[in-house]
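*Asks:* Following this message is one structure expressed as structure tokens.
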Amino acid sequence: MFKKIIAVLLAVLMITGLVGCGGEKPEDENKGNDKPKTSDTTDAPVETDEPEPTVDPHDVGEKLAEFNPTGTVEETVLFDNEISKITLKSLEYTDYEAIFNLSIENKTDGELDYSCGSVGYCVNSVNGYMVSEGFMNCQVPANTTQDESFDMSFYSLKQYGIFEIADFEIGFSITDEEYNKTYTGPLAVKTSIADGYDYSKHSFANTAATQAAQNTYHYNIDYFAADELYNEGGIRLVTEVLYTNDENEQYLMLEFENNSDIAATISISQLTVNGLLINDSSCAVETPNPGKRTIIKVDTRDMLADPACASALNAARMNTVSFSVEAYDENYNTIADGKTVSMKTSDDTASFDSTGTEVFNSDGISITAKPAIDPISEYRSDIIVALLLKNNSGEQISVEYIRDTLKINGIACDSTIYPSDTPNGTTSVFFVEIDESFLEENSLSAASQISSVEFELKISDSDGSVISEPTISIQF
Numbered sequence: 019m020f021k022k023i024i025a026v027l028l029a030v031l032m033i034t035g036l037v038g039c040g041g042e043k044p045e046d047e048n049k050g051n052d053k054p055k056t057s058d059t060t061d062a063p064v065e066t067d068e069p070e071p072t073v074d075p076h077d078v079g080e081k082l083a084e085f086n087p088t089g090t091v092e093e094t095v096l097f098d099n100e101i102s103k104i105t106l107k108s109l110e111y112t113d114y115e116a117i118f119n120l121s122i123e124n125k126t127d128g129e130l131d132y133s134c135g136s137v138g139y140c141v142n143s144v145n146g147y148m149v150s151e152g153f154m155n156c157q158v159p160a161n162t163t164q165d166e167s168f169d170m171s172f173y174s175l176k177q178y179g180i181f182e183i184a185d186f187e188i189g190f191s192i193t194d195e196e197y198n199k200t201y202t203g204p205l206a207v208k209t210s211i212a213d214g215y216d217y218s219k220h221s222f223a224n225t226a227a228t229q230a231a232q233n234t235y236h237y238n239i240d241y242f243a244a245d246e247l248y249n250e251g252g253i254r255l256v257t258e259v260l261y262t263n264d265e266n267e268q269y270l271m272l273e274f275e276n277n278s279d280i281a282a283t284i285s286i287s288q289l290t291v292n293g294l295l296i297n298d299s300s301c302a303v304e305t306p307n308p309g310k311r312t313i314i315k316v317d318t319r320d321m322l323a324d325p326a327c328a329s330a331l332n333a334a335r336m337n338t339v340s341f342s343v344e345a346y347d348e349n350y351n352t353i354a355d356g357k358t359v360s361m362k363t364s365d366d367t368a369s370f371d372s373t374g375t376e377v378f379n380s381d382g383i384s385i386t387a388k389p390a391i392d393p394i395s396e397y398r399s400d401i402i403v404a405l406l407l408k409n410n411s412g413e414q415i416s417v418e419y420i421r422d423t424l425k426i427n428g429i430a431c432d433s434t435i436y437p438s439d440t441p442n443g444t445t446s447v448f449f450v451e452i453d454e455s456f457l458e459e460n461s462l463s464a465a466s467q468i469s470s471v472e473f474e475l476k477i478s479d480s481d482g483s484v485i486s487e488p489t490i491s492i493q494f
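For the sequence shown, the numbering used here puts the final residue at 494, and the numbers step up evenly by one.
Here's what the structure looks like:
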């Protein structure tokens with residue numbers, strides 16, 4: 019009997035437990051109260067002032083294809099003369115770069131210095147494109163042979179539309195202990211895939227404007243054209259690209275082809291943005307080998323002193339761009355005449371901002387001063403005054419700053435000013451840059467503390483005759 023009572027009690031307890039877990043929910047003891055249960059508030063989302071994280075679309079979009087590491091080479095003697103022998107031993111690949119293995123023999127009784135892909139001497143190219151990759155510098159002791167190598171990164175090569183190596187040219191500068199130099203010139207090698215390589219398919223023009231390229235290198239295309247805008251002396255301008263990077267900085271990339279029979283130095287000068295001449299001298303130079311292409315990158319940031327200055331001049335975004343192109347040989351003889359190239363890169367028709375205070379006007383030449391500007395670049399602390407020089411004199415003028423005449427708030431300042439030579443009918447810009455040391459010495463920290471700027475100029479015509487020697491006085 020006792021066992022039966024225990025069994026009944028256990029059954030009742032089990033039924034009660036099941037009702038408590040999955041049966042009808044007991045009525046809330048706080049029902050009718052305005053205050054919620056404490057336990058209910060623990061799962062509520064916590065509001066913060068922090069912004070939602072943003073995802074860069076470049077990070078999630080399609081990237082450029084992987085590099086194809088199939089091109090190989092046989093051991094090849096690249097250069098052999100009375101002082102040196104350079105042998106290409108092999109071409110190898112890692113996950114990120116191509117490695118060129120060399121054997122370098124110094125046949126002399128003194129140490130030799132070997133340089134490849136340096137700023138002073140770079141003739142390296144891959145698949146018909148001049149490249150800045152392939153740097154090497156080494157010293158080889160007298161009568162010694164040693165192994166060396168250099169690399170070219172896939173990341174850099176793919177910018178040119180190079181996804182495999184079909185052929186390449188490399189060159190060396192060899193310097194002895196007396197600083198006598200020997201230049202090997204471009205040393206050409208074809209790889210195992212050269213015969214079947216389609217040079218027309220793989221190119222800068224076919225790569226630069228693709229979304230995959232923009233995602234890989236984090237830029238956005240503002241303007242792209244495959245137009246032949248220059249063809250002189252065997253030098254052709256064949257592709258024009260304007261892009262903006264993640265820092266909102268705009269760059270111009272120009273693809274040139276050298277169809278002459280010599281190495282040609284191509285120079286970009288007289289750069290004009292939105293109708294404003296911002297650099298009258300050479301602002302970008304490259305020297306492609308015969309039969310090769312090169313990409314010239316034009317960076318306007320330093321030419322416009324600071325992003326704040328560019329904004330004040332309405333020249334931060336390139337709506338229209340023009341520049342002069344010319345080419346010359348190693349002796350500076352002209353092989354392609356100078357010619358102005360113009361591009362309309364935006365639907366925005368706004369020109370530069372010509373407003374300001376006129377501080378000089380004579381003989382068809384005027385100078386207008388902009389307010390002093392606090393720079394916004396993290397890399398500089400100078401205070402800047404931009405001046406617009408408008409030339410309607412009827413001929414090109416040369417403008418020279420008279421040294422040691424600059425005064426800021428009446429105090430002598432040793433900063434130098436670089437006005438531009440300005441063609442007739444053109445407005446150029448130049449800058450007074452008040453450097454950080456002067457500002458610190460005189461307890462100045464903001465543009466609002468600059469009350470006056472004064473300096474002297476000499477303005478001459480194209481024959482060198484002096485037109486005017488004005489004192490420019492600016493009051494703020």
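Ideal placement from N, C-alpha and C gives every residue a C-beta, glycine not left out.
None of the values given here were measured: they were computed from a predicted structure.
Taking the straight line between their C-alpha atoms, what separation do you get for L405 and E474?
*Replies:* Using only the alpha carbons, I get a separation of about 13 angstroms.
*Asks:* When DSSP labels each residue in this structure, what does M414 get in the three-state scheme?
*Replies:* Reading off the sequence shown, one finds Gln at residue 414, where the question assumed Met. Coil at Q414, not helix or strand.
*Asks:* What span of residues does the alpha helix (DSSP H) with F456 cover, start to end?
*Replies:* Segment 454–459, the alpha helix (DSSP H) holding F456.
*Asks:* The ligand GDP heavy atoms versus the CB of Y215: any closer than 7 angstroms?
*Replies:* Inclusion of the ligand GDP in the displayed structure is not the case, the ligand content being empty and no account of it being possible.
*Asks:* Any chance you could list the alpha helix (DSSP H) runs of at least 4 consecutive residues sitting entirely within the region 116–200, in chain order?
*Replies:* Here the runs fully enclosed are 172–175.
*Asks:* To the nearest angstrom, how far is it from the Cα of D74 to the Cα of N266?
*Replies:* Cα to Cα, the separation comes out at about 14 angstroms.
*Asks:* Determine the DSSP secondary structure at M321, reduced to helix, strand or coil.
*Replies:* If DSSP states are grouped into helix, strand and coil, M321 belongs with the helices.
*Asks:* Would G89 and C134 be called neighbours here (beta carbons separated by less than 8 angstroms)?
*Replies:* Not a contact, by the Cβ cut-off of 8 angstroms.
*Asks:* What number of angstroms, rounded off, separates the C-alpha of K310 from the C-alpha of L175?
*Replies:* Going from the Cα of K310 to the Cα of L175 covers about 15 angstroms.
*Asks:* Can you give me the C-alpha to C-alpha distance between I183 and S218, rounded to a whole angstrom?
*Replies:* Taking the straight line joining both Cα atoms gives about 14 angstroms.
*Asks:* Identify the continuous alpha helix (DSSP H) that holds Y235 and give its terminal residues.
*Replies:* Counting along the chain, the alpha helix (DSSP H) containing Y235 begins and ends at 229–235.
*Asks:* Rounded to the nearest angstrom, what separates G252 and L120 at their Cα positions?
*Replies:* Computed Cα separation, rounded: 34 angstroms.
*Asks:* Could you tell me if I490 is buried or exposed, where buried requires 16 or more neighbouring beta carbons within 10 angstroms of its beta carbon?
*Replies:* The residue in question, I490, is buried, as its Cβ has 16 or more Cβ neighbours within 10 Å.
*Asks:* So A390 packs on I468, CB below 8 angstroms; how close in whole Å?
*Replies:* Right, their Cβ atoms sit about 4 angstroms apart.
*Asks:* Could you pull out every residue in the same chain whose Cβ sits closer than 6 angstroms to the Cβ of V377, ignoring the five residues on either side in sequence?
*Replies:* Once the five neighbours on either side are set aside, the close Cβ partners of V377 are I385, A387, I490, I492.
*Asks:* When you compare each of I104, M154, T225 to L82 by their alpha carbons, which one comes out closest?
*Replies:* Closest option to L82, Cα to Cα, is T225.
*Asks:* Among all the DSSP beta bridges, which residues are the ones paired with D98?
*Replies:* The partner list for D98 (beta bridge, DSSP) reads K103.
*Asks:* How close, in whole Å, do the beta carbons of G15 and F341 come, if the pair is a contact with beta carbons under 8 angstroms?
*Replies:* A query on residue 15 cannot be resolved here, the shown segment of the chain reaching from 19 to 494 and no further.
*Asks:* Between the Cα of N86 and the Cα atoms of H220, E166, E344, R335, which residue gives the shortest distance?
*Replies:* Of the listed residues, the one whose Cα sits closest to N86 is H220.
*Asks:* Do F168 and G152 have their C-beta atoms within less than 8 angstroms of each other?
*Replies:* Result yes, Cβ atoms of F168 and G152 sit closer than 8 angstroms.
*Asks:* Would you tell me roughly how many angstroms separate the C-alpha atoms of V207 and E92, rounded to the nearest one?
*Replies:* Using only the alpha carbons, I get a separation of about 10 angstroms.
*Asks:* Could you check whether the region 111–131 touches the region 260–278, counting it as contact only if at least three pairs of C-beta atoms, one from each stretch, sit closer than 8 angstroms?
*Replies:* Touching, no, given that fewer than three Cβ pairs across the two stretches are closer than 8 angstroms.
*Asks:* Just curious, the beta strand (DSSP E) that A206 is in, first and last residue?
*Replies:* Run containing A206: 205–208, per the beta strand (DSSP E) assignment.
*Asks:* Please state whether DSSP places G214 in a helix, a strand or coil.
*Replies:* Of the three classes helix, strand and coil, the one that applies to G214 here is helix, per DSSP.
*Asks:* Near D127, which residues of its chain fall below 8 angstroms by C-beta distance, leaving aside the five closest residues on each side in sequence?
*Replies:* Excluding sequence neighbours, D127 sits near A160, N161.
*Asks:* Work out the CA separation of Y178 and F222 for me, nearest whole Å.
*Replies:* About 4 angstroms.
*Asks:* Go to T225, then tell me how far its alpha helix (DSSP H) extends in each direction, as first and last residue.
*Replies:* Taken as a continuous stretch (DSSP letters only), the alpha helix (DSSP H) holding T225 covers 223–226.
*Asks:* May I ask you to report which of helix, strand or coil DSSP gives D77?
*Replies:* Looking at D77 - three-state DSSP - the assignment turns out to be helix.
*Asks:* DSSP beta-bridge partners for S385?
*Replies:* The displayed chain sequence assigns Ile, not Ser, to residue 385. In the DSSP output, where bridge partners are listed per residue, I385 has F378, L407.
*Asks:* DSSP three-state call for A354: helix, strand or coil?
*Replies:* Note: A354 maps to strand in three-state DSSP.
*Asks:* In whole angstroms, give me the CA-to-CA distance for F456 and I429.
*Replies:* C-alpha separation (whole angstroms): 10 angstroms.
*Asks:* When DSSP builds the beta bridges, which residues end up paired with Q467?
*Replies:* Note: Q467 sits in no beta bridge, so no partner.
*Asks:* State the Cα-Cα distance for the pair A328 and M336, rounded to the nearest angstrom.
*Replies:* Approximately 11 angstroms, taken between the alpha carbons.
*Asks:* Going by the beta-carbon positions, is the gap between A281 and E196 smaller than 8 angstroms?
*Replies:* Cβ atoms of A281 and E196: not closer than 8 angstroms.
*Asks:* So, is V303 buried or exposed, given that buried needs 16 or more other C-beta atoms within 10 angstroms?
*Replies:* Exposed, since its Cβ has fewer than 16 Cβ neighbours within 10 Å.
*Asks:* Mind checking whether V560 and T363 have CB atoms under 8 angstroms apart?
*Replies:* Here the chain has residues from 19 to 494 only, and residue 560 is not among them.
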